[in-house]
Amino acid sequence: MNIKAGTKLSDAIHNNYLLLPILNRFGIQLGFGDITVEQICEKQEVNLKFFLEIVNSFLDKNYFPEAELQNFPLKLIVDYIKRSHVFYLDFKMPQIEQMINNLYELAPSENKKSFQLIRNFFAEYKKDLFNHIEKEEKEVHPYILKIDQAYYSNTITGDIVELVNKESISKYADDHDNVEDKLYDLKNLIIKYLPPIPDYTLSNAILFELFRLERDLNDHSRIEEKVLVPKMQAIEKQILESNEY
Ligand SMILES: [Fe+2]
Ligand SMILES: [Fe+2]
């Protein structure tokens with residue numbers, strides 16, 4: 504299903520419920536009746552075209568409209584990325600952590616060790632994800648927004664040129680590790696080695712959450728690597744070329 508301006512939001516969710524957290528990132532919550540995508544975007548003051556590119560690229564990997572997405576202001580893209588970070592750190596991770604703790608509590612005493620292993624692994628992962636996001640928010644985003652602002656207001660000073668030479672988004676791109684990969688190991692640990700517990704629905708629910716988080720993170724990284732980085736590289740290139748001495 505390709506979502507268009509006239510698509511009813513409720514139909515979009517019936518078609519793929521994984522879109523729900525993406526909608527939340529645009530400030531859209533449940534209870535939207537028969538409202539269409541265009542109407543909700545107007546109501547929430549969301550850029551309709553940007554919204555369509557984001558949801559459609561989430562639904563269909565082959566649709567990924569790099570060139571179109573790169574037309575949007577960097578601030579819009581960075582804002583969207585930041586809202587995804589909030590979703591991971593403030594909602595998803597604490598929720599999964601709570602579920603893993605519940606699982607540990609339910610585990611029979613002779614098997615506690617295996618469940619503790621999962622807890623430790625998750626704690627490690629949480630740290631990695633936090634560091635990954637912190638670096639983006641504290642180092643990368645401020646740089647992008649600063650360069651973007653100077654570029655569009657046509658105030659490229661020597662300091663800006665120096666900053667581009669020093670920082671360069673390619674450095675971020677080269678170091679950008681796949682935080683999703685470790686989730687695979689965690690899922691594998693649960694799938695292959697978790698001892699049985701009376702309430703198997705909880706372990707299934709944890710796995711479902713991990714699969715969904717992994718998918719969401721994959722989409723997120725794609726936007727960072729395929730939209731944010733190339734767009735920024737193009738701006739850096741222009742700044743450097745027009746300021747050669
Ligand atoms: Fe990120
Ligand atoms: Fe990232």
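Note that the numbering used here has the sequence shown beginning at 504, numbered continuously upward.
Every residue, glycine too, gets a C-beta built ideally from N, C-alpha and C.
According to DSSP, residues forming a beta bridge with residue i
i: Lys511; result: Thr539
Cβ-based neighbour list, residue i, same chain, cut-off 6 Å, excluding 5 preceding and 5 following
i: Phe567; result: Ser560
i: Met596; result: Lys629
i: Ile833; result: No statement about residue 833 is possible, as the shown extent of the chain runs from 504 to 748 and does not include it.
i: Leu521; result: none
i: Ser513; result: none
i: Val732; result: Ile672, Ala676
i: Leu716; result: Lys595
Residue i - containing alpha helix (DSSP H), residue span
i: His723; result: 703 to 726
i: Glu661; result: In the sequence as presented, Glu is not what sits at residue 661; that position holds Gly. Looking at the DSSP string, the run of the alpha helix (DSSP H) that includes Gly661 is 661 to 670.
i: Asn634; result: 615 to 638
i: Glu683; result: No alpha helix (DSSP H) contains Glu683, which DSSP labels as neither H nor E.
i: Ser612; result: Element bounds for Ser612: n/a, residue is neither H nor E.
i: Val732; result: 732 to 744
i: Gln573; result: Here Gln573 belongs to no alpha helix (DSSP H), and DSSP marks it neither H nor E.
i: Leu522; result: It is not in any alpha helix (DSSP H) - Leu522 carries neither H nor E in the DSSP assignment.
i: Ser656; result: No alpha helix (DSSP H) contains Ser656, which DSSP labels as neither H nor E.
i: Leu551; result: 551 to 562
i: Val589; result: 577 to 589
Alpha carbon of residue i to alpha carbon of residue j, nearest angstrom
i: Tyr654; j: Asp677; result: 23 Å
i: Arg718; j: Glu747; result: 43 Å
i: Asn527; j: Phe618; result: 32 Å
i: Tyr607; j: Glu613; result: 12 Å
i: Leu697; j: Ser706; result: 9 Å
i: Glu728; j: Glu712; result: 24 Å
i: Tyr646; j: Ala570; result: 22 Å
i: Ile636; j: Thr660; result: 29 Å
i: Glu744; j: Asn550; result: 32 Å
i: Ser478; j: Lys740; result: The displayed coordinates of the chain run from 504 to 748. Any statement about residue 478 would go beyond what the structure contains.
i: Lys585; j: Val643; result: 12 Å
i: Lys511; j: Pro611; result: 48 Å
i: Met504; j: Lys669; result: 44 Å
i: Gln547; j: Lys616; result: 48 Å
i: Val664; j: Ile742; result: 7 Å
i: Gly534; j: Leu523; result: 12 Å
i: Ser724; j: Leu562; result: 15 Å
i: Leu686; j: Arg622; result: 13 Å
i: Lys578; j: Ile506; result: 24 Å
Cut-off 8 Å between Cβ atoms - residues of its own chain near residue i, not counting five sequence neighbours on either side
i: Phe625; result: Ile599, Glu600, Ile603, Leu689
i: Phe633; result: Leu592
i: Phe554; result: Phe529, Val540, Cys544
i: Leu609; result: Ile700, Pro701, Asp702, Leu705
i: Val730; result: Glu569, Leu572, Gln573, Ile580
i: Leu666; result: Tyr646, Lys649, Ile650
i: Leu710; result: Lys690, Ile693, Ile694
Helix, strand or coil at residue i [DSSP, three-state]
i: Pro698; result: coil
i: Asp688; result: helix
i: Leu533; result: coil
i: Asn527; result: helix
i: Asn505; result: coil
i: Glu545; result: helix
i: Phe594; result: helix
i: Pro568; result: coil
i: Glu600; result: helix
i: Glu747; result: coil
Contacts around residue i, its chain only, beta-carbon distance under 7 Å, and the 5 residues preceding and following it disregarded
i: Ala708; result: Met602
i: Asn518; result: Met504
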